[in-house]
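S.K.: Here it is, the structure, as structure tokens.
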Amino acid sequence: MANFLLSDSQLPPSGGLGNWLGDLKVGQKLTLGYAFVLGAAMLGTALGFIVADRYHEDALHEEIDAVEELYQVYRLQSSIFRVRTQQHKLIFYMGQPNLWQEKYPQLLEAVADVRHEWIDFKATFRNPQRQLKDTLPEKAAYDQLMLTKNDFDDYLNQSEVLFADSNPRNLSPTAISATQSRLFSFMHSPQVFTLDEFLDDIASLVDVTAAEYSQAKVELKRAEELRLQIITISLLISAAIATLLVLYMSRAIARPIQAVTYVAQQVTEKANFDLRAPVTSRDEIGILATSLNRLIQEVQQLLEVQKDSNEQLEVYSQILERKVQERTQELKEKNQSLQQTLEDLHQTQTKLIQTEKRPSPEPTVAEAISEFSLLFNSMGNHLSHVTDYSYMLLEMLRQYQQRYPETDRFIQDSVTQQDLESLKTELPHLLDAIQAEVAQMSRVLNAAIV
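Numbering (full-length UniProt numbering), first residue to last: 1 to 450.
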């Protein structure tokens, strides 16, 4: 536990998620915790659904593309079979002109349907986005079909011309028989073999497309299983995150309360007033911890004041006792000093009486003082002349420097080493100080002579 008081000014400055959370009230923390839990669960579930739906959607698109390709191939194949069927019917109806006339438009319609289905087929298989997803067998089957396409176009054109010229209403019975034989020969000519090859290529493309469709169904089923797994995992992760958030929020609220409770118990049970409750937030718990710390501090201060008062009383008692002893000792010492003073006065009186009988040395001392005075006056006169000469030399040096600022290199180095400027400043002060001291000593001697 912290052994110091954290005031509001000592709290960490607001900023960051932890400090921002510490500024919230307890009710706000609970509300925020519930919001985080629900938000994490909903967000995790939504992300799981999005990822799973993405895989499922890709597999579903592949299946739809395979179905569309298979549908286009089947329509092309069935339209070609319809042309063959209508051709055989018209050959069979050559002996019935009215019925032939009725079925002939169906042949033209079937041929038009083939050409239309071929256009749709190419539009489907030549789609750039679809070609990126085509497998190698599918591309090979489509390329092979495009190679036999020209022969198939020639077959359709020739059949249109032959059947257009074979109207039995415009032919004699003999010509009808010959035309019927010619049509049978055309239906079994080598050109028909190219149609069979074209149909075989279509059948190969059908097989490849059917295999692709089967694979797409397998991928779709696998995507659905993966979708279920992703959703389940996302739900579990969301639940785990929500649980961690609940634990974090619970500890964020419970730990400060436990810390305050522990400090209160330790202070009351062990009378340890150095403990302080940690203040980690500005909510109700932080206010409670701050109030408890202030209460503990005030109690501690009162106890310290009481302890200091007791110590001061003890010190005052000792000082009083010591002063009584010192006063007693001082009285004894003063008594002894008074007796010694009386003895000294008595001895001094005796010496004065003996001194009056001896000759006085005053004339000899006066003569010596007079001689010292004359010497100091002479020194003062000589010092005055030295001072005047020094000022004259300094003035001449100043005029020389002004008149000849550029001097010899050796002289400049010497001036720099000797610090001439300092000498010019300090020498007058030094001479004035010496002269003042000599004058003072002379006045003292003159006063002694008088």
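C-beta atoms are modelled at their ideal positions from N, C-alpha and C, and glycine is treated no differently. Remember, predicted model here, so these are calculated numbers, not experimental data.
1. Quick check: the region 256-268 against the region 67-87, are there 3 or more CB pairs under 8 Å?
2. How would you label Ala59, buried or exposed, when you count the other beta carbons within 10 angstroms and need 16 or more for buried?
3. Kindly give me the distance between the Cβ atoms of Ala259 and Ala240, rounded to whole angstroms, as I take these residues to be in contact under 8 Å.
4. Could you have a look at Pro278 and say whether DSSP puts it in helix, strand or coil?
5. Please state the DSSP three-state secondary structure of Asn272.
6. Using the C-alpha atoms, what's the distance from Thr243 back to Arg251?
7. Count the C-beta pairs between the region 104-119 and the region 229-237 that are closer than 8 Å, then say yes if the count reaches three, no if not.
8. Straight-line CA distance for Leu107 to Thr124?
9. Relative to the C-alpha of Leu183, which candidate in Pro97, Lys89, Ile202, Val111 has its C-alpha closest?
10. Roughly how many whole angstroms lie between the Cα atoms of Val73 and Glu212?
11. On the DSSP letters alone, give me the boundaries of the alpha helix (DSSP H) that Ser177 sits inside.
12. For Asp207, tell me which candidate among Ile257, Ala66, Gln86, Thr45 has the shortest Cα-Cα distance.
13. Quick check on Thr174: buried or exposed, where buried means 16 or more other Cβ atoms within 10 Å of its Cβ?
14. Check whether the Cβ atoms of Ala112 and Gln86 lie closer than 9 Å to each other.
15. Give me the Cα-Cα distance between Met42 and Phe49, rounded to the nearest whole angstrom.
16. Excluding the five sequence neighbours on either side, which residues of its own chain have a C-beta within less than 6 Å of the C-beta of Lys307, listed in chain order?
17. Would a C-beta distance cut-off of 9 Å place Ile296 and Leu275 closer than the cut-off?
18. Tell me the rounded alpha-carbon separation between Asn167 and Lys149.
19. Determine, using beta carbons only, whether Glu219 and Glu62 come nearer to each other than 9 Å.
20. Comparing alpha-carbon positions, which option in Tyr391, Tyr400, Gln440, Gln399 lies nearest residue 456?
21. Hey, out of Thr209, Tyr155, Ala216, whose CA is closest to Pro190's CA?
22. Express the C-alpha separation of Ala164 and Ile202 in angstroms, rounding to a whole number.
23. Can you grab the Cα-Cα spacing for the pair Phe121 / Ala210, in whole Å?
24. If you draw a straight line from the C-alpha of Ala433 to the C-alpha of Arg403, how long is it?
25. Just the Cα atoms here: how many angstroms apart are Val161 and Ser185?
26. Just how far apart, CA to CA, sit Thr51 and Ile230?
27. At what residue ranges does the region 51-86 contain a whole run of the beta strand (DSSP E), taking only runs of 3 or more?
28. For Asn157, count the other beta carbons within 10 Å of its own beta carbon; 16 or more makes it buried, fewer makes it exposed. Which is it?
29. Assign Ala436 to buried or exposed, taking buried as 16 or more other Cβ atoms, counted over all protein chains shown, within 10 Å of its Cβ.
30. Return the CA-CA distance between Gln312 and Val305, expressed in angstroms with no decimal places.
31. Just mark Ala141 as buried or exposed, buried being the case when its beta carbon has 16 or more other beta carbons within 10 Å.
32. So which of Tyr71, Thr31, Gln440, Asn170 has the shortest CA-CA distance to Trp100?
33. Looking only at its own chain, which residues have a Cβ that is under 7 Å from the Cβ of Lys217, when we skip the five neighbours before and after it?
34. Just to check my reading of the structure: Arg227 and Asp53 have Cβ atoms closer than 8 Å, yes? What is that Cβ distance to the nearest angstrom?
M.R.: For this structure:
1. No, the region 256-268 is not in contact with the region 67-87.
2. Here residue 59 corresponds to residue number 59 of the sequence shown, with the count starting at 1. Its Cβ being crowded by 16 or more others within 10 Å, Ala59 is buried.
3. Reading the sequence shown from its first residue, position 259 is the one you call residue 259. Reading the sequence shown from its first residue, position 240 is the one you call residue 240. The pair is not a contact, with the Cβ atoms about 28 Å apart (cut-off 8 Å).
4. On the sequence shown, residue 278 is found 278 positions in, with the first residue counted as 1. DSSP places Pro278 in coil when its eight states are reduced to three.
5. The residue labelled residue 272 in the question sits at position 272 within the sequence shown. Here Asn272 sits in coil by DSSP.
6. Counting from 1 along the sequence shown, the entry for residue 251 is found at position 251. Counting from 1 along the sequence shown, the entry for residue 243 is found at position 243. If you take the alpha carbons of Arg251 and Thr243, they lie about 12 Å apart.
7. Look at the beta carbons and you see the region 104-119 not touching the region 229-237: under three pairs across the two are nearer than 8 Å.
8. Along the sequence shown, read from residue 1 onward, the residue named residue 107 stands at position 107. Along the sequence shown, read from residue 1 onward, the residue named residue 124 stands at position 124. Cα to Cα, Leu107 sits roughly 25 Å from Thr124.
9. Counting from one through the sequence shown, the residue named residue 183 turns up at place 183. It is Lys89.
10. The residue labelled residue 73 in the question sits at position 73 within the sequence shown. The residue labelled residue 212 in the question sits at position 212 within the sequence shown. Those two C-alpha atoms are separated by around 13 Å.
11. Working through the sequence shown from its first residue, we reach residue 177 at position 177. Note, Ser177: alpha helix (DSSP H), 173-187.
12. Within the sequence shown, residue 207 is the residue found at index 207, counting from 1. Here the closest residue by C-alpha is Ala66.
13. Against the sequence shown, residue 174 aligns to sequence position 174. Exposed, by the Cβ-count rule.
14. Within the sequence shown, residue 112 is the residue found at index 112, counting from 1. Within the sequence shown, residue 86 is the residue found at index 86, counting from 1. No, the Cβ-Cβ distance between Ala112 and Gln86 is not below 9 Å.
15. Here residue 42 is taken as the residue at index 42 of the sequence shown, counted from 1. Here residue 49 is taken as the residue at index 49 of the sequence shown, counted from 1. For Met42 and Phe49, the distance between alpha carbons rounds to 10 Å.
16. The sequence position of residue 307 within the sequence shown is 307, counting from 1. None.
17. Within the sequence shown, residue 296 is the residue found at index 296, counting from 1. Within the sequence shown, residue 275 is the residue found at index 275, counting from 1. In terms of Cβ geometry, Ile296 and Leu275 form a close pair [threshold 9 Å].
18. Indexing the sequence shown from 1 puts residue 167 at position 167. Indexing the sequence shown from 1 puts residue 149 at position 149. Approximately 28 Å between the Cα atoms of the pair.
19. Reading the sequence shown from its first residue, position 219 is the one you call residue 219. Reading the sequence shown from its first residue, position 62 is the one you call residue 62. Yes.
20. The structure shown has nothing for residue 456, since the chain only spans 1 to 450.
21. Position 190 of the sequence shown, counting from 1, holds the residue named residue 190. The residue with the shortest Cα to Cα distance from Pro190 is Tyr155.
22. Mapped onto the sequence shown, residue 202 falls at position 202. Mapped onto the sequence shown, residue 164 falls at position 164. Going by the C-alpha atoms only, they are around 28 Å apart.
23. As a working mapping, residue 121 is identified with position 121 in the sequence shown. As a working mapping, residue 210 is identified with position 210 in the sequence shown. Answer to the nearest angstrom: the Cα atoms are 16 Å apart.
24. Walking along the sequence shown from the start, residue 433 turns up at place 433. Walking along the sequence shown from the start, residue 403 turns up at place 403. Cα to Cα, the separation comes out at about 31 Å.
25. As a position in the sequence shown, residue 161 is number 161, starting the count at 1. As a position in the sequence shown, residue 185 is number 185, starting the count at 1. Approximately 15 Å, taken between the alpha carbons.
26. The residue you call residue 51 lines up with position 51 of the sequence shown. The residue you call residue 230 lines up with position 230 of the sequence shown. This sequence places Val at residue 51; Thr is not what is there. The straight-line gap from Cα to Cα measures roughly 8 Å.
27. DSSP runs (the beta strand (DSSP E)) wholly in the region 51-86: none.
28. Here the question's residue 157 lines up with position 157 in the sequence shown. Asn157 comes out exposed.
29. Position 436 of the sequence shown holds residue 436. Ala436 is exposed by the Cβ-count criterion.
30. Position 312 of the sequence shown, counted from the first residue, corresponds to residue 312. Position 305 of the sequence shown, counted from the first residue, corresponds to residue 305. In this structure, the alpha-carbon of Gln312 lies about 10 Å from that of Val305.
31. What you label residue 141 is simply residue 141 of the sequence shown in a count that begins at 1. Buried: at least 16 other Cβ atoms inside 10 Å.
32. Taking the first residue of the sequence shown as 1, we reach residue 100 at position 100. Nearest C-alpha to Trp100: Asn170.
33. Here the question's residue 217 lines up with position 217 in the sequence shown. Answer for Lys217: Glu63, listed in chain order.
34. As a working note, residue 227 is residue 227 in the sequence shown. As a working note, residue 53 is residue 53 in the sequence shown. At roughly 7 Å, the Cβ-Cβ gap stays under 8 Å, so Arg227 and Asp53 are in contact.
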